[in-house]
Amino acid sequence: MLSALLAGGIALTTAPAATAGSTGADRAQATIVTSTGRGGNSVAFTFDDGPGANTPQMLDVLAKNGVKAVFCLWGDHVRQNPDMVRRIVNEGHTLCNHSMQHQDMGGWSADQVRQNLEQTNNAIRQAVPNAQIPYYRAPYGSWGQSADVAASMGMTPLGWRADIADWQPPGADTLTQRLRQAITPGAVVLMHDGGGDRSQTVTAVDRVIPEFKGQGWSFDLPARQ
Ligand SMILES: [Zn+2]
1 MLSALLAGGI ALTTAPAATA GSTGADRAQA TIVTSTGRGG NSVAFTFDDG PGANTPQMLD
61 VLAKNGVKAV FCLWGDHVRQ NPDMVRRIVN EGHTLCNHSM QHQDMGGWSA DQVRQNLEQT
121 NNAIRQAVPN AQIPYYRAPY GSWGQSADVA ASMGMTPLGW RADIADWQPP GADTLTQRLR
181 QAITPGAVVL MHDGGGDRSQ TVTAVDRVIP EFKGQGWSFD LPARQ
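Note that full-length UniProt numbering has the sequence shown beginning at 1, numbered continuously upward.
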C-alpha cells in the first residue's frame with residue numbers, strides 16, 4: 001500500500017500536466033486523500049469492487065447502524081446491478097468511480113485514463129441520472145496519471161490508510177479483529193463488498209460498528225484536512 005501511495009506522490013510531482021490549462025488549484029485537487037476531514041475519533045468506511053451479491057446485505061447492516069459509507073464501483077458491475085446502485089444512492093451513501101473493469105491503469109496515457117473514467121461515470125449515470133460521483137479510486141492503488149485526470153474531471157483521488165485484506169477471506173473472526181485494528185483516528189478504511197464472496201466482511205462490519213459507536217466514534221466521508 002505504501003509503495004502505491006508513494007508512486008502516486010511521485011507521479012504528482014513529475015508527471016506533465018494532465019490537461020491543457022491545468023492550474024495549481026488542479027494540482028492540489030489531485031492530492032490523494034487518505035483521511036476524514038476532521039480526524040479525531042472519526043473513520044471513513046469505503047467498499048470496493050461492487051455492486052455485487054453481498055452489497056444488499058452490506059447496505060442492510062449500514063442502514064441498521066445508521067452509518068454512511070463510500071462505494072467504489074466497477075462500471076461493468078454497475079451495468080449488471082443498476083438497482084443496487086440506485087439503492088446505494090437512495091440510502092444516502094456516496095459514490096466513487098473505480099474504473100470500468102478494474103484495469104491497472106498505471107502505465108496508461110492521460111487520454112486513455114480519461115476515456116475509461118468517463119465510460120464508468122456514464123455507466124453509473126445510466127443507473128442513476130445526474131448521480132454525484134465525488135471520488136475516484138485507482139484499481140490496485142496503481143495511480144499513474146489517474147489522480148490528475150480524476151481531479152480534472154472534478155473527482156477527488158481516494159486512497160486509504162488501512163486495508164483489512166478481505167479479498168482472500170480469512171474467516172469472520174480474523175476480519176473482525178483486523179477491522180478493529182484498522183480503525184484509527186481519521187482513517188479511511190478499505191474493504192470490499194464486491195468482486196467475490198464478501199459475507200465475512202459483512203459480518204465483521206456488523207460486529208464492529210456498534211462497538212465503535214458505543215465508544216463515541218463517528219463515521220464520516222474522506223476529505224482533505
Ligand atoms: Zn478494487
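Even for Gly, the Cβ is constructed at its ideal location relative to N, Cα and C. The structure displayed is predicted, hence computed values, not measured ones.
Quick check: residue i and residue j, are their CB atoms within less than 7 Å of each other?
i	j	result
residue 193	residue 54	yes
residue 150	residue 37	no
residue 175	residue 200	yes
residue 120	residue 75	yes
residue 41	residue 217	yes
residue 220	residue 44	yes
residue 209	residue 81	no
residue 68	residue 39	no
residue 35	residue 195	no
residue 202	residue 89	no
residue 102	residue 51	no
I believe residue i touches residue j by the beta-carbon criterion, under 8 Å. Please report the beta-carbon distance rounded to the nearest angstrom.
i	j	result
residue 162	residue 184	7 Å
residue 105	residue 146	5 Å
residue 135	residue 117	Contact doesn't hold; Cβ gap of about 11 Å is too wide.
residue 314	residue 73	The question about residue 314 has no answer here: the residues shown for the chain are numbered 1 through 225.
residue 133	residue 95	5 Å
residue 169	residue 197	7 Å
residue 84	residue 129	Contact flag wrong, Cβ pair sits at about 16 Å.
residue 48	residue 137	7 Å
residue 70	residue 124	That pair is no contact at about 13 Å.
residue 107	residue 144	6 Å
residue 86	residue 127	6 Å
Bridge partners for residue i per DSSP, in chain order?
i	result
residue 219	43
residue 95	71
residue 135	96 and 156
So is the beta-carbon of residue i under 6 Å away from any non-hydrogen atom of ligand 1?
i	result
residue 139	yes
residue 48	yes
Would residue i pass as an interface residue toward chain C - the criterion being a Cβ-Cβ separation below 7 Å?
i	result
residue 53	The chain inventory of the structure shown lacks chain C, comprising one protein chain alone.
Which parts of the segment 12–92 are runs of the beta strand (DSSP E), unbroken and 3 residues or longer, counting only runs that do not cross its ends? 42–50 and 70–73
For the segment 146–202, list the alpha helix (DSSP H) runs that are entirely contained and at least 4 residues long, ordered along the chain. 146–152 and 172–182
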